[in-house]
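Participant:
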Amino acid sequence: MKPEDLRWRVVDKPGETFKVHRSIYTDPEIFEAELKHIYEGNWIYIAHDSELPNPNDYITTVMGRQPVIIARGADGQLRGFVNACSHRGANVCRKRKGNARQWACPYHGWVFDNQGTLL
4 MKPEDLRWRV VDKPGETFKV HRSIYTDPEI FEAELKHIYE GNWIYIAHDS
54 ELPNPNDYIT TVMGRQPVII ARGADGQLRG FVNACSHRGA NVCRKRKGNA
104 RQWACPYHGW VFDNQGTLL
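If you're matching positions, the sequence shown starts at 4 in the working numbering and goes up one per residue.
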């Protein structure tokens, strides 16, 4: 999908009117284009350093379709990971935020530390 394909769906007359056709919010092709050009092609803000002040603090969220974990290791470094077990793909962390040194896959018990290492 090209930007010119969207022109008929948006009316933007500065100082007069701004209208967006409802298909902008429901069209699967537009959704795929947004994922590709916004979530998969750019840096995405997830959290501020101050939201993870202590060693072992973490947050989880979804970037586009990708579940992720941002964690502060015991060494103080922030790291980001895909929130999925490398064996079967299950989310290893199911809470929104917390403090943990490791996470375990609910299926087969594979354990990962907050630096991304399979233990």
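Even for Gly, the Cβ is constructed at its ideal location relative to N, Cα and C.
If you're wondering where the values come from, they're calculated on a predicted model, not measured in any experiment.
Is the beta carbon of Ile72 closer than 8 angstroms to that of Cys96?
Facilitator: In terms of Cβ geometry, Cys96 and Ile72 form a close pair [threshold 8 angstroms].
Participant: On the CB-based measure, 16 or more other CB atoms within 10 Å of its CB, does Trp106 come out buried or exposed?
Facilitator: buried
Participant: What would DSSP say about Ala74, mapped onto helix, strand or coil?
Facilitator: DSSP places Ala74 in the strand class (E or B) of the three-state scheme.
Participant: Could you name each continuous alpha helix (DSSP H) segment of 4 residues or more that falls completely within the stretch 20-93, going from the start of the chain to the end?
Facilitator: 26-29, 31-37
Participant: Which same chain residues end up closer than 6 angstroms to Val23 when comparing Cβ atoms and leaving out the 5 residues on each side of it in sequence?
Facilitator: Val13
Participant: In three-state terms, what does DSSP make of Trp11?
Facilitator: Of the three classes helix, strand and coil, the one that applies to Trp11 here is helix, per DSSP.
Participant: What does a CB cutoff of less than 8 angstroms around His90 pick up in its chain, not counting 5 residues either side in sequence?
Facilitator: Here His90 has Cys108, Tyr110, His111, Trp113 as same chain residues with Cβ atoms under 8 angstroms from its own Cβ, once five neighbours each way along the sequence are excluded.
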